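I have placed the structure first, in the form of structure tokens, so that the comments after it can refer back to it.
Laid out in structure tokens, this is it:
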């Protein structure tokens, strides 16, 4: 897989989770991480029982550069053999070259030695915008064998054969050919495989299943069938739903044993005359409900004895769904803690999860919100397991949202370093505007938020005074939450005295009239004119002083 993260940066890593339909084998396969140069990747893996794999179980095998000259058949790229990522076993982190330079071919490979249910890679950019690759590869083997008819001394044709994987998953079924042979191809090279046969009517087998190890080479499993010798005793092992239980060990008194087939049936032939009893070894995850009573093989009858059946009950399953805005969310970690300690699983693509075959008792079920989500409602639930399945243990998630806007003055100029307070779930939060007057706040849980700008010195207020927005479970990105600051009006200091208009219009004396003395006084006007000039000069000086202060 050749991946480029959508929004990979140093604070928001790109996370990829692979959920396997069946747990991986403990050997015979590998995963390779390529082009690890200007980034680093943290690796985490969860096993089928909720076990987090250790560094030793992840099986780091080393680094290499697939673009280096010494590799025959390499891609059309150029790389340095010394350019390989480094592995930190303590943090389970693979880091590219020390310079965080964008190079070619740096890779590392792993061979896990423990089963994996989900595998997560968290890539963090160190420089540039890197691309990374992921490869999965497996060594495959074949399983084959022959079934012989001991009674006839010939190959047994038409015998049903089944191959089961290490985790109990049926890999394939077939029937023997005319020469008694069968084969299965393409099985991953690991141990723990089981081959079992279903003898045809009138036949039985002393050994119905064999273990096969494919770790080092192809496997072989041969069988033999023979005619049933009276008196046969047979029965079935099934659960409360009528589902056959395969592979259960049945013991006949005296120490003879057999195992149930794929259809849950078992058979003992040539059972001697007398009183007998059969017992079952209860498989893990089941509870025995009822067993056959003792029975008698008569001394004068060869009629097969049938119906010696066992009824078992599957221990209950606890299940539920994790949703966000009504849709299932895959890859979410769910933990159930009960009498046997904590168990972990991850939700499927449709958001469902299940913990099968749990012993009775009280359980606490918790959900962990993945990146970009928050738990809406209770993050844990208490449930009691008794006899029946416990379903609908559901959890709801909500996406995180964000809000943003700008702060400007009434002329449209941005106002940097303005203090913006957002009050709401998990808050209050206080941030400052950038140089362009913008602000943004992310990872907000659903709810109502109030936004308010602290009015800085030199301003009288903001319009609007506050804003209220609502983020729902859909995680909206609410922008356009803008504020305009109103500056303080400037008042001159000191305030000039207003000029009062005269109430009486003065008259102009006639030319040549009088001698320049004031009317009705005979006084000389020169002293008054001199005083007026002094007052005018004082006004000019005062005005200059005021202008200098304003400057």
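Residue numbers (the working numbering): 15 to 565.
The beta carbon of each residue, even a glycine, is placed where N, CA and C say it ideally should be.
A quick note: this is a predicted structure, and the numbers were derived from the prediction, not measured.
Contact belief for residue i with residue j at Cβ below 8 Å, rounded distance in angstroms
{"i": "residue 207", "j": "residue 199", "result": "With a Cβ gap of about 13 Å, residue 207 and residue 199 do not count as contacting."}
{"i": "residue 50", "j": "residue 99", "result": "4 Å"}
{"i": "residue 190", "j": "residue 171", "result": "6 Å"}
{"i": "residue 369", "j": "residue 332", "result": "5 Å"}
{"i": "residue 205", "j": "residue 228", "result": "7 Å"}
{"i": "residue 247", "j": "residue 194", "result": "Actually they do not touch by this definition, with Cβ atoms about 28 Å apart."}
{"i": "residue 361", "j": "residue 346", "result": "4 Å"}
{"i": "residue 314", "j": "residue 249", "result": "Not quite, the Cβ-Cβ distance comes to about 23 Å (not below 8 Å), so this is no contact."}
{"i": "residue 75", "j": "residue 123", "result": "5 Å"}
{"i": "residue 590", "j": "residue 318", "result": "Since the first residue shown for the chain is 15 and the last is 565, residue 590 is missing from the structure and cannot be characterised."}
Rounded C-alpha distance that separates residue i from residue j
{"i": "residue 134", "j": "residue 224", "result": "35 Å"}
{"i": "residue 129", "j": "residue 45", "result": "13 Å"}
{"i": "residue 94", "j": "residue 236", "result": "51 Å"}
{"i": "residue 452", "j": "residue 463", "result": "18 Å"}
{"i": "residue 330", "j": "residue 399", "result": "7 Å"}
{"i": "residue 196", "j": "residue 387", "result": "52 Å"}
{"i": "residue 465", "j": "residue 492", "result": "12 Å"}
{"i": "residue 97", "j": "residue 359", "result": "37 Å"}
{"i": "residue 421", "j": "residue 120", "result": "47 Å"}
{"i": "residue 64", "j": "residue 82", "result": "39 Å"}
{"i": "residue 52", "j": "residue 454", "result": "28 Å"}
{"i": "residue 254", "j": "residue 325", "result": "7 Å"}
{"i": "residue 441", "j": "residue 483", "result": "14 Å"}
{"i": "residue 118", "j": "residue 192", "result": "55 Å"}
{"i": "residue 348", "j": "residue 239", "result": "47 Å"}
{"i": "residue 71", "j": "residue 312", "result": "58 Å"}
{"i": "residue 459", "j": "residue 502", "result": "37 Å"}
{"i": "residue 271", "j": "residue 57", "result": "46 Å"}
{"i": "residue 461", "j": "residue 339", "result": "14 Å"}
{"i": "residue 62", "j": "residue 132", "result": "8 Å"}
{"i": "residue 403", "j": "residue 306", "result": "27 Å"}
{"i": "residue 29", "j": "residue 256", "result": "43 Å"}
{"i": "residue 260", "j": "residue 156", "result": "23 Å"}
{"i": "residue 418", "j": "residue 47", "result": "38 Å"}
{"i": "residue 210", "j": "residue 275", "result": "8 Å"}
{"i": "residue 41", "j": "residue 203", "result": "7 Å"}
{"i": "residue 423", "j": "residue 413", "result": "34 Å"}
{"i": "residue 127", "j": "residue 73", "result": "6 Å"}
{"i": "residue 431", "j": "residue 425", "result": "17 Å"}
{"i": "residue 448", "j": "residue 363", "result": "41 Å"}
{"i": "residue 485", "j": "residue 456", "result": "11 Å"}
{"i": "residue 242", "j": "residue 212", "result": "14 Å"}
{"i": "residue 32", "j": "residue 84", "result": "32 Å"}
{"i": "residue 68", "j": "residue 105", "result": "10 Å"}
{"i": "residue 89", "j": "residue 55", "result": "23 Å"}
{"i": "residue 469", "j": "residue 415", "result": "26 Å"}
{"i": "residue 389", "j": "residue 487", "result": "10 Å"}
{"i": "residue 443", "j": "residue 185", "result": "56 Å"}
{"i": "residue 489", "j": "residue 383", "result": "14 Å"}
{"i": "residue 251", "j": "residue 401", "result": "19 Å"}
Status (buried if at least 16 other CB within 10 Å, exposed otherwise) for residue i
{"i": "residue 173", "result": "buried"}
{"i": "residue 337", "result": "buried"}
{"i": "residue 78", "result": "buried"}
{"i": "residue 495", "result": "buried"}
{"i": "residue 101", "result": "buried"}
{"i": "residue 365", "result": "buried"}
{"i": "residue 298", "result": "exposed"}
{"i": "residue 279", "result": "buried"}
{"i": "residue 446", "result": "exposed"}
{"i": "residue 523", "result": "No answer about residue 523 holds up, because its pLDDT of 49 lies below 50 and its placement is not dependable."}
{"i": "residue 282", "result": "buried"}
{"i": "residue 287", "result": "exposed"}
{"i": "residue 343", "result": "buried"}
{"i": "residue 284", "result": "exposed"}
Any chain C beta carbon closer than 8 Å to residue i
{"i": "residue 417", "result": "Absent here is chain C; the protein component of the structure consists of one chain."}
Stretch pair the region 433 to 449 + the region 396 to 415: three plus CB contacts closer than 8 Å
Contact fails: fewer than three Cβ-Cβ distances are below 8 Å.
Run through the region 121 to 198 for me and flag every whole beta strand (DSSP E) of 3 or more residues, listed as ranges in chain order.
Correct list: 132 to 139, 146 to 152, 154 to 163, 174 to 178 and 184 to 189.
Does the region 350 to 358 touch the region 371 to 385, meaning 3 or more C-beta pairs lie closer than 8 Å?
Taking 8 Å as the limit for Cβ pairs, the verdict is that the region 350 to 358 does touch the region 371 to 385.
Which ranges does the alpha helix (DSSP H) cover as unbroken runs of at least 4 residues, wholly within the region 200 to 234, from first to last along the chain?
Runs found: none.
With three or more C-beta pairs closer than 8 Å as the rule, is the region 138 to 148 touching the region 101 to 120?
Verdict: yes, contact present.
I'd like to know if the region 179 to 197 and the region 28 to 39 are in contact, where contact means that at least 3 CB-CB pairs between them fall below 8 Å.
yes
Any 3 or more C-beta pairs closer than 8 Å across the region 211 to 225 and the region 287 to 296:
no
What ranges does the beta strand (DSSP E) occupy inside the region 384 to 455, keeping only unbroken runs of at least 3 residues that lie completely in it?
387 to 389, 394 to 399, 409 to 413, 415 to 423, 433 to 437 and 443 to 446
Length at least 3, wholly inside the region 459 to 512: the beta strand (DSSP E) runs in chain order
461 to 467, 473 to 477, 480 to 485 and 497 to 501
Taking only runs of the beta strand (DSSP E) that begin and end inside the region 238 to 264, which ones reach a length of at least 3 residues, in chain order?
The region 238 to 264 contains, as complete beta strand (DSSP E) runs of 3+ residues, the segments 247 to 253 (chain order).
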